[in-house]
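Here the sequence shown stands for residues 960 to 1132, where the numbers follow this note's numbering.
For reference, the structure is listed below as structure tokens.
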Amino acid sequence: MKSYFFDILKKSERIKTNKNDLEFDFSEYREFNQYTYGFKRSWKILYAHNDISAVKRIINPASNLMLSSFKETEKSTLNYMIYIDFGKYESNRKMLTFYDLELDIIILKDLSYQILDMDELIEAFENRRITQSELNTVLMVLQKTVNSFNSRGVFKTLEDIYGQTSIQWLLEA
């Protein structure tokens, strides 16, 4: 399971996985409202996705989602518009932590979406890396999100959670 530590005072992100433990400084930081933060940072070579030069993230500890957009240098993520991680937040005044609970949705440039890693979510539950309560929460948020995408549209759904300004910022080149 991946953990993301966002230090609001130092303006940095630390990603901890079973393969990586890296820290990145923000090159851009925004506070969109009391709970919604955005930042941009450069990409470092990891075990995958090495054709990305920068990432923008929207985080909001009142939600169970973390949104990302990527500036690509090659083609593996060229069709991605928004990458959504499902998880849980812990927060205090200067540090926000996001625990990735394995399930993801990719919003493609044609505004279709794909649900990814359901098998990883189930495996994490079966191996007791996530609790029954966390599994239930992720599945309920997934159902609510997909239902809203289908009835109201991708952008309206995300703008209702994060605000129109933050979603526009996330999608800017």
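We treat Cβ as the ideally placed atom computed from N, Cα and C, and that holds for glycine.
Beta bridge counterpart(s) of Gly1122 as assigned by DSSP: In DSSP, Gly1122 forms no bridge with anything.
Beta strand (DSSP E) runs contained entirely in the segment 986-1026, provided each spans 3 or more residues: Counting whole runs of 3 or more residues, the segment 986-1026 contains the beta strand (DSSP E) stretches 987-990, 996-1001 and 1011-1018.
- request: Spatial neighbours of Asp984 within its chain, please: CB distance less than 7 Å, with the 5 preceding and 5 following residues excluded, ordered by chain position.
  value: Once the five neighbours on either side are set aside, the close Cβ partners of Asp984 are Lys970, Ser971 and Arg1000.
message: Using a Cβ distance threshold of 8 Å, determine whether the segment 1106-1120 contacts the segment 1086-1093, with at least three qualifying pairs required.
response: Contact between the segment 1106-1120 and the segment 1086-1093 is absent, because fewer than three Cβ pairs lie under 8 Å.
field: Beta-carbon proximity of Gly997 to Ile974, cut-off 8 Å
entry: Their beta carbons are not under 8 Å apart, which means Gly997 does not touch Ile974 by this criterion.
- prompt: Under a Cβ-count criterion, where at least 16 other Cβ atoms within 10 Å of its own Cβ denotes burial, should Ser1125 be classed as buried or exposed?
  reply: By the neighbour-count rule (16 or more Cβ atoms within 10 Å), Ser1125 is buried.
query: Between the Cα of Gln1073 and the Cα atoms of Ser962, Glu1049, Lys1047 and Tyr1039, which residue gives the shortest distance?
result: Ranking Ser962, Glu1049, Lys1047 and Tyr1039 by Cα distance to Gln1073 puts Tyr1039 first.
- prompt: What's the C-alpha gap between Leu1060 and Phe1045?
  reply: Straight-line Cα distance between these residues: approximately 6 Å.
query: Are there 16 or more other CB atoms within 10 angstroms of the CB of Leu968, so buried, or fewer, so exposed?
result: By the 16-neighbour rule on beta-carbons within 10 angstroms, Leu968 is exposed.
message: Using DSSP's beta-bridge definition, name the partner residues of Ser1050.
response: Partner(s): Leu1055.
message: Once DSSP output is grouped into helix, strand and coil, what is the label at Glu982?
response: Note: Glu982 maps to strand in three-state DSSP.
task: Please classify Leu930: does DSSP put it in a helix, a strand, or coil?
output: Absent from the structure is residue 930, since the part of the chain shown begins at 960 and ends at 1132.
Cross-strand partners of Gln1102 (DSSP beta bridge): Under DSSP, Gln1102 forms no beta bridge with any residue.
query: If you draw a straight line from the C-alpha of Tyr1048 to the C-alpha of Leu1067, how long is it?
result: Roughly 25 Å separates the two Cα atoms.
query: Hey, Leu1101 and Leu1130 are a contact pair by Cβ (cut 8 Å); roughly how many whole angstroms apart?
result: Contact doesn't hold; Cβ gap of about 22 Å is too wide.
query: Would you call the CB atoms of Tyr988 and Asn1019 closer than 8 Å?
result: For Tyr988 and Asn1019, no; Cβs fall outside 8 Å.
field: Terminal residues of the alpha helix (DSSP H) in which Ile1081 lies
entry: Its alpha helix (DSSP H) spans residues Met1077 to Glu1085.
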